[in-house]
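Worksheet: the structure to be examined is printed underneath.
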Amino acid sequence: MKLKKIKELFKLSFYAKCKYIKYYKKLKIKDNYILLDSQHGKNINGNIYYILKELITNKKYNNYKIYLTSEKKYKNELIDLLKKRNIYNCEIVVNNTFKYYKIMASAKYLINDTSFSYFFMKKDGQKYLNVWHGTPFKTMGKSINESFESLGNIQKNFILSDYLLYPSEFMMNNMIKDYMLENICHSKCILAGYPRNEIFFNKSIRNEIRKKYNLKDKQIIAYMPTWRGTENEIDIICEILKNIDDKLTDNQVLYVNLHPFVNNSIEFNFSHIKKFPKEYEVYEFLAATDCLITDYSSVFFDYANTKNKIILFNYDKEDYLKTRGLYLSFDELPFSCVDKIDKLIEEINKPNINYDKFINKYCKYENKNASKLLCEYFILNKKTNFKELNIKSNNKKNILIYGGNFTKNGITTALLNLLNNLPNKYNYYITFNTKSIKKNKNILKTLPNTINYIPMNGGFNLSLTQIIMLKLFLKGMLPKFLDNKIHEIYRYEIKRLFSDVNYSNVIQYTGYNKKEIMMFSLFDCNKIIYAHNDIKAEIKNKNHFKKNFISKAYNNYDKIIVVNDFIVDNIKDLVEDPSKIHFVNNIVDYNTIINKSKQDIAFDDNTVSNMEFEKIKNILNSKSTKFLTIGRFSKEKGHFRLVDAFSKYNQENKNSYLIIIGGYGVLYDDLIQYVKDKKNIIVIKSLSNPYPFIKKCDCFVLSSFYEGLPVVITEADVLKKPVLSTNIDGVRRFLSDYKGNMVDNNEDGIYNGMNLYKKGNLKLLTIDYDKYNEKAMKDFLKLLK
0 MKLKKIKELF
10 KLSFYAKCKY
20 IKYYKKLKIK
30 DNYILLDSQH
40 GKNINGNIYY
50 ILKELITNKK
60 YNNYKIYLTS
70 EKKYKNELID
80 LLKKRNIYNC
90 EIVVNNTFKY
100 YKIMASAKYL
110 INDTSFSYFF
120 MKKDGQKYLN
130 VWHGTPFKTM
140 GKSINESFES
150 LGNIQKNFIL
160 SDYLLYPSEF
170 MMNNMIKDYM
180 LENICHSKCI
190 LAGYPRNEIF
200 FNKSIRNEIR
210 KKYNLKDKQI
220 IAYMPTWRGT
230 ENEIDIICEI
240 LKNIDDKLTD
250 NQVLYVNLHP
260 FVNNSIEFNF
270 SHIKKFPKEY
280 EVYEFLAATD
290 CLITDYSSVF
300 FDYANTKNKI
310 ILFNYDKEDY
320 LKTRGLYLSF
330 DELPFSCVDK
340 IDKLIEEINK
350 PNINYDKFIN
360 KYCKYENKNA
370 SKLLCEYFIL
380 NKKTNFKELN
390 IKSNNKKNIL
400 IYGGNFTKNG
410 ITTALLNLLN
420 NLPNKYNYYI
430 TFNTKSIKKN
440 KNILKTLPNT
450 INYIPMNGGF
460 NLSLTQIIML
470 KLFLKGMLPK
480 FLDNKIHEIY
490 RYEIKRLFSD
500 VNYSNVIQYT
510 GYNKKEIMMF
520 SLFDCNKIIY
530 AHNDIKAEIK
540 NKNHFKKNFI
550 SKAYNNYDKI
560 IVVNDFIVDN
570 IKDLVEDPSK
580 IHFVNNIVDY
590 NTIINKSKQD
600 IAFDDNTVSN
610 MEFEKIKNIL
620 NSKSTKFLTI
630 GRFSKEKGHF
640 RLVDAFSKYN
650 QENKNSYLII
660 IGGYGVLYDD
670 LIQYVKDKKN
680 IIVIKSLSNP
690 YPFIKKCDCF
700 VLSSFYEGLP
710 VVITEADVLK
720 KPVLSTNIDG
730 VRRFLSDYKG
740 NMVDNNEDGI
750 YNGMNLYKKG
760 NLKLLTIDYD
770 KYNEKAMKDF
780 LKLLK
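So for the sequence shown, numbering that gives the first Met the number 0 puts the first residue at 0; every next one is plus one.
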């Protein structure tokens, strides 16, 4: 990783990006600059192509400077393509160059069919139109089966847009829902025709193409399959094309448009099959065809405007739909669906059917002047008959909560308990770093419907000077008089990540992660941070943060929530105003705990253990005495002294076991090695549902050197298991109040506690969880604005 960062320093693109924030601050907006971006500069097909043609050919835009983005490796190909299509007076700007960042920071008009990169921040005075690249058939955003955690940059681009173009209410509603735009996005939705679909109303281009390629009296069929990205895709496509070729007549020609990776790997030695010609844009050529064959591609929504035949050839439907969902079932579509070549040929040769109902629902705004009307509307502020809609807002206040990495630990459990019980008084948004959450992303699928999320993508926009300053600040080596410069860095980061969304409250729930600690302390609203642990012990024993760093951050927050009254005294000297520290108990979601405990004992796909699952299962179902602890594999949890105490107990009580469950931690490998030669000790790493394990055990042991107040104490108590804890500051008051069991904070104390359990001298806690939760929620809500 370090080598990768060093190499990055020698790239010109690195220095160019370092200039972006300077350009953003210093450059004035150019009222006659228009920047077009087609799928991140990878091609010039689709909506952007038709918008570009309108801007270049219409004299109304002669005084405008048109820029088109391109990836470096596609620039020459793009230049040649534009020349062939007689498109001039357009300057190509290569992505991630000095010129690119200058134009991005100064062009008044920005038009995109996907998204600008994560670094992008829209300036006051810039106008942004997002036209997207097709009506979605496959699910998008949070409804995607695989990469739903990565929607953040697209979501941000939608929020930044002034206008979102949709060709149907169907698309608008699904995009708003699955990118969670209600209440946070103030973009204007435009229901209007897609620029690229205007070509289907142009009979002259159809006649021109058919004449040029001598296709006038032939049946022209287009095949546009979805790219699968599978290992054997090329072989499958070759076999399909060969079989189709053998069955087509001399009066039929099949033109194929494949993903470049597949297209360039196939020898087109067929009698009736050819590639789409490069001389024309894809939809220009598509307008000349008589029939479309596709599968899961949304191209059929557009092609329906031709009223020509559409066939869905889904030879791998069962496998494909394992990883991708669809907004519509195939039964809801009026098109023929086939999975065999013979059936496909049969459908090709059948008469066409009527699609008017489908067109009225999904294509009713399409028209032959879509590009002209859209450019006049967006650039010239000319009135049109476009249907304009605002994205709904319920007028409730928005709350942004940083949830960390959703690692399987007590903080994540406490957060989920809170989220599952929040009243429907506010709009709640969880945020997290996309890269860090990948291993635990499925937690997002378990959140209540009232909880939306805003992923954080990418890194700071920094100049070289700011990079150095930030490094020094995080190491505690930056002079105090430069704090304002650091605050400016974080405020720009807030703008980059969260745009201008209005939040009444932001909550740094984990209390960890330096960037998010400082950033959340600088929002312009009510700012809250949680302290879940003994902060002074963390500063002393770990490298999470320095005392002066946490003190600076805490002083910027309006409120600090501690989950144990012991922590109040613990952090008083870190803040100038101790009255901002508030004690709030964690919610105990006892119904969820009980319900999950009834599930079968099971490992996750990524669970690892020093013992086979079946053997563990047999032990849990046996009459053996089973002690259990849950906590990350780190020093403060005291796992090694727990192992020693149990080993001593086990020598006298052979039919006993110790189970240690943890989500993560640097000491996991060391612990595995330590218990290798010891008997009856089970270590399990990464378990999403530990409650059936707790239920099957006899006694929960907290062996920590220090703690805040671990939620697992109450979880064990809910499942009627006695809790044995070391006598430490973080739990002392709590266990005293509820008549819990404490022993000396050492190995002998833990050993003696195990013997107390054996004698039947450990009791359950005396908590009324309904009253406990009611007070906890009331105390939490009092701190919100």
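The beta carbon of each residue, even a glycine, is placed where N, CA and C say it ideally should be.
In this text, all values refer to a predicted model and were calculated from it rather than measured experimentally.
Quick test of your reading: residue i and residue j, contact by CB under 8 Å. State the CB separation rounded to the nearest angstrom.
i, j, result
"residue 136", "residue 370", "So it is not a contact: roughly 24 Å between Cβ atoms."
"residue 196", "residue 301", "5 Å"
"residue 525", "residue 783", "7 Å"
"residue 729", "residue 533", "6 Å"
"residue 198", "residue 283", "6 Å"
"residue 798", "residue 410", "No information on residue 798 is available, as it lies outside the stretch 0 to 784 that the chain covers here."
"residue 722", "residue 707", "Rounded, the Cβ-Cβ distance is 16 Å, inconsistent with contact."
Taking all protein chains shown into account, decide if residue i is buried (16 or more other Cβ within 10 angstroms of its Cβ) or exposed.
i, result
"residue 485", "buried"
"residue 352", "exposed"
"residue 467", "exposed"
"residue 287", "buried"
"residue 78", "exposed"
"residue 463", "exposed"
"residue 5", "The predicted model places residue 5 with a pLDDT of 49, which falls under 50 and marks its position as unreliable, so this point remains unresolved."
"residue 104", "buried"
"residue 650", "exposed"
"residue 240", "buried"
"residue 19", "buried"
"residue 424", "exposed"
"residue 203", "exposed"
"residue 406", "buried"
Using only alpha-carbon positions, find the residue among the options that is nearest to residue i.
i, options, result
"residue 691", "650, 641, 591, 738", "591"
"residue 267", "339, 253, 349", "253"
"residue 681", "772, 627, 490, 401", "627"
"residue 634", "668, 623, 606, 201", "668"
"residue 412", "588, 22, 230", "588"
"residue 69", "39, 79, 767, 83", "39"
"residue 111", "123, 75, 97, 50", "50"
"residue 503", "598, 219, 426, 186", "426"
"residue 523", "494, 59, 606", "494"
"residue 388", "164, 206, 17", "164"
"residue 716", "672, 762, 620", "762"
"residue 86", "54, 619, 100", "54"
"residue 583", "414, 641, 462", "414"
"residue 574", "90, 551, 143, 739", "551"
"residue 709", "698, 630, 653", "630"
"residue 750", "113, 142, 714, 702", "702"
"residue 416", "768, 177, 46", "768"
"residue 554", "538, 122, 217, 518", "518"
"residue 80", "57, 101, 48, 100", "48"
Determine which residues share a DSSP beta bridge with residue i and list them.
i, result
"residue 447", "Answer is none; residue 447 lacks a bridge partner."
"residue 873", "Here the chain comprises residues numbered 0 to 784, so residue 873 is not present and cannot be evaluated."
"residue 426", "397"
"residue 251", "218"
"residue 458", "Its beta-bridge partners do not exist; DSSP assigns none."
"residue 788", "Beyond the ends of the chain as shown, which are 0 and 784, falls residue 788; an answer cannot be given."
Within this structure, are the beta carbons of residue i and residue j separated by less than 7 Å?
i, j, result
"residue 473", "residue 364", "no"
"residue 193", "residue 224", "no"
"residue 34", "residue 66", "yes"
"residue 161", "residue 126", "yes"
"residue 71", "residue 92", "no"
"residue 15", "residue 97", "yes"
"residue 580", "residue 562", "no"
"residue 586", "residue 420", "yes"
"residue 673", "residue 625", "no"
"residue 311", "residue 275", "no"
"residue 520", "residue 556", "yes"
"residue 378", "residue 402", "no"
"residue 666", "residue 632", "yes"
"residue 638", "residue 659", "yes"
"residue 661", "residue 675", "no"
"residue 324", "residue 138", "yes"
Does the CB of residue i have a neighbour CB from chain B at under 7 Å?
i, result
"residue 363", "Considering every chain present, this structure includes no chain B. It has just one protein chain."
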